[in-house]
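In order, the protein sequence lines correspond to chains E and A.
Everything in the first sequence is counted per our numbering, starting at 1 for the first residue and increasing by one.
Everything in the second sequence is counted per our numbering, starting at 206 for the first residue and increasing by one.
Backbone N, C-alpha and C fix where the C-beta goes; we use that ideal spot for every residue, glycine too.
For reference, the structure is listed below as structure tokens.
2 protein chains.
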Amino acid sequence: MAVKPIPNIVVGRLPIYLRALQRMSQEGRRVTSSQELGERLGISAAQIRKDLSQFGEFGKQGTGYNIEYLADQLQSILKVDRVWNVIIVGAGDIGSALARYNGLSERGFRVVMIFDNDPSKIGQPIGPFHVKNIANLVEEVQPAGIKVAILAVPAQQAQEVTDLLVEAGIRAVLNYAPISLAVPEGVRVQYIDPVTHLQHMSYYL
Amino acid sequence: MAVKPIPNIVVGRLPIYLRALQRMSQEGRRVTSSQELGERLGISAAQIRKDLSQFGEFGKQGTGYNIEYLADQLQSILKVDRVWNVIIVGAGDIGSALARYNGLSERGFRVVMIFDNDPSKIGQPIGPFHVKNIANLVEEVQPAGIKVAILAVPAQQAQEVTDLLVEAGIRAVLNYAPISLAVPEGVRVQYIDPVTHLQHMSYYL
DNA sequence: TAGATTGTTAATCGATTAACAATC
DNA sequence: TAGATTGTTAATCGATTAACAATC
């Protein structure tokens with residue numbers, strides 16, 4: 001019997017649902033409906049119900065969804081009912097901002113090391129860390145079993161650093177360098193490039 | 206005669222194509238093909254040709270695309286054949302990193318002001334700017350005709366600041382706060398939340 | 001000319017929406 | 001009970017891919 005995989009586009013919406021639920025929870029709300037959630041997010045109620053139904057039945061007819069319960073379920077589905085150790089590579093402005101950002105750990109990710117290749121940065125403190133030498137990346141990261149990396153180096157060095165990350169056993173890369181990366185099967189990359197988003201919007205101006 | 210609009214998902218890929226072409230140009234390349242471009246980007250050649258054909262005929266059979274010409278055309282389509290003035294709201298780590306980032310201006314966007322509401326930050330220098338008082342945002346931004354803003358304030362303040370931006374005539378918001386924003390018709394929002402990307406990937410770990 | 005690659009059409013594939021029985 | 005809202009099915013809509021004539 002063939003199991004059809006969950007569409008990637010559906011998985012991508014779950015973190016958005018989770019984020020909204022956690023905010024509602026903060027606001028002291030206890031239940032919500034697909035309609036209310038949809039209005040907040042600009043997504044149709046039908047789509048939210050359809051997406052969730054891929055994973056199970058989380059609601060009650062007539063009542064809607066218990067916010068805390070649904071959030072717990074989504075955390076479990078997304079595997080953020082635990083904390084993933086993360087490394088940052090690149091101790092420039094972006095890497096440093098991320099190293100000091102507290103919003104990661106509340107949501108499933110904890111920065112544990114930051115690397116750079118600049119001798120003037122190595123050893124310097126950034127938030128609670130000291131910058132490590134990228135030359136030691138593989139030997140530090142691989143034995144620690146770390147699977148997630150944030151890449152914040154210049155575009156020119158991004159591919160070679162990525163190869164290093166793969167060698168170190170990293171399987172998920174959040175790439176801030178404005179360049180497409182080549183990675184082997186089984187390694188995932190997500191891209192953050194503010195300029196592509198700005199250009200997308202300027203089309204409509 | 207009904208003109209069918211370009212699908213939003215196609216517009217969203219154009220900045221990716223443009224970025225790859227500009228990199229190829231830097232590498233000294235003069236021509237490319239839909240196949241080569243597709244391999245770099247992990248997109249099918251057919252899709253690239255189909256996307257581009259929505260806007261015109263930019264290639265030559267047998268030869269492919271002139272990189273500089275196609276990049277120029279895409280810049281014009283995306284309206285980044287000019288420079289858009291941009292404001293940043295929020296002078297925390299992220300806002301400051303963006304204010305100092307030089308990669309924006311090469312690609313169509315120039316930061317011209319940065320605002321915050323924290324008295325200890327107002328007046329302080331960040332990169333080439335001095336932080337302005339958010340209380341003066343509307344009176345500074347509206348007469349200047351600025352249409353693009355980057356929002357880098359805490360989630361709790363994001364919606365009220367957004368309302369201010371809309372009042373000031375902003376029509377495109379790049380939102381770094383981890384919250385969905387409500388905006389009137391005609392105002393566009395794009396979201397950057399590293400954690401949603403990390404959670405998307407952790408599903409597959 | 002022979003080889004390569006475009007632009008475009010038609011076919012396929014996948015995602016979204018509408019509608020409603022089930023039921024809390 | 002009456003009203004509300006889920007989970008799910010079928011219909012619709014839209015996006016991607018495959019294929020190929022045109023042509024550089």
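The region 47 to 135 of chain E contains, as complete alpha helix (DSSP H) runs of 4+ residues, the segments 67 to 77 and 93 to 100 (chain order). Per DSSP, the unbroken alpha helix (DSSP H) holding residue 155 (chain E) starts and ends at 155 to 167.
Spanning the alpha carbons of residue 23 (chain E) and residue 262 (chain A) requires a straight line of approximately 47 Å.
For the region 261 to 295 of chain A, the beta-carbon criterion of a distance under 8 Å to any beta-carbon of chain E is satisfied by 282, 283, 284, 285, 289 and 291.
In summary, the residues of the region 180 to 203 of chain E whose CB is separated from some CB of chain A by less than 7 Å are 180, 188, 190, 192, 194, 195, 196, 197, 198, 199, 200, 201, 202 and 203, in the order they occur in the chain. Taking C-alpha positions only, residue 223 (chain A) is separated from residue 276 (chain A) by approximately 6 Å. Residue 16 (chain E) and residue 392 (chain A) have their C-alpha atoms roughly 20 Å apart. Using a CB distance below 8 Å, the part of the region 298 to 319 of chain A facing chain E consists of 298, 299, 301, 302, 303, 305, 306, 308, 309, 312, 313 and 314, ordered along the chain. For residue 176 (chain E), the number of other beta carbons within 10 angstroms of its own is at least 16, and it is reported as buried. Taking a cut-off of 8 Å for Cβ pairs, the region 294 to 302 of chain A and the region 316 to 324 of chain A touch, as three or more such pairs fall below it. DSSP places residue 224 (chain A) in the uninterrupted alpha helix (DSSP H) bounded by 213 to 231. Within chain E, the C-beta atoms nearer than 8 Å to that of residue 377 (chain A) come from 198, 201, 202, 204 and 205, in chain order. Taking the C-beta atoms as reference points, residue 314 (chain A) is found no nearer than 7 Å to residue 78 (chain E). At a Cβ-Cβ threshold of 7 Å, residue 296 (chain A) and residue 255 (chain A) do not count as neighbours. Buried is the label assigned to residue 264 (chain A), since at least 16 other Cβ atoms lie within 10 Å of its Cβ. According to the DSSP assignment, residue 377 (chain A) belongs to the beta strand (DSSP E) that extends over 377 to 380.
The C-beta of residue 145 (chain E) comes no closer than 7 Å to any C-beta of chain A. Residue 316 (chain A) and residue 346 (chain A) do not touch by the CB rule: their CB atoms are close to 13 Å apart, not below 8 Å. In this structure, the straight-line span from the alpha carbon of residue 158 (chain E) to that of residue 30 (chain E) is close to 44 Å. In this chain, the beta strand (DSSP E) harbouring residue 188 (chain E) covers 188 to 191. The residue among E:179, E:67, E:171 and E:76 with its C-alpha nearest the C-alpha of residue 28 (chain E) is E:67. At least 7 Å separates the CB of residue 28 (chain E) from every CB of chain A. For the pair residue 305 (chain A) and residue 360 (chain A), the Cα-to-Cα distance works out to about 22 Å. The beta carbons of residue 189 (chain E) and residue 166 (chain E) sit no closer together than 7 Å. In the DSSP annotation of this structure, the continuous segment of the alpha helix (DSSP H) that includes residue 37 (chain E) starts and ends at 34 to 41.
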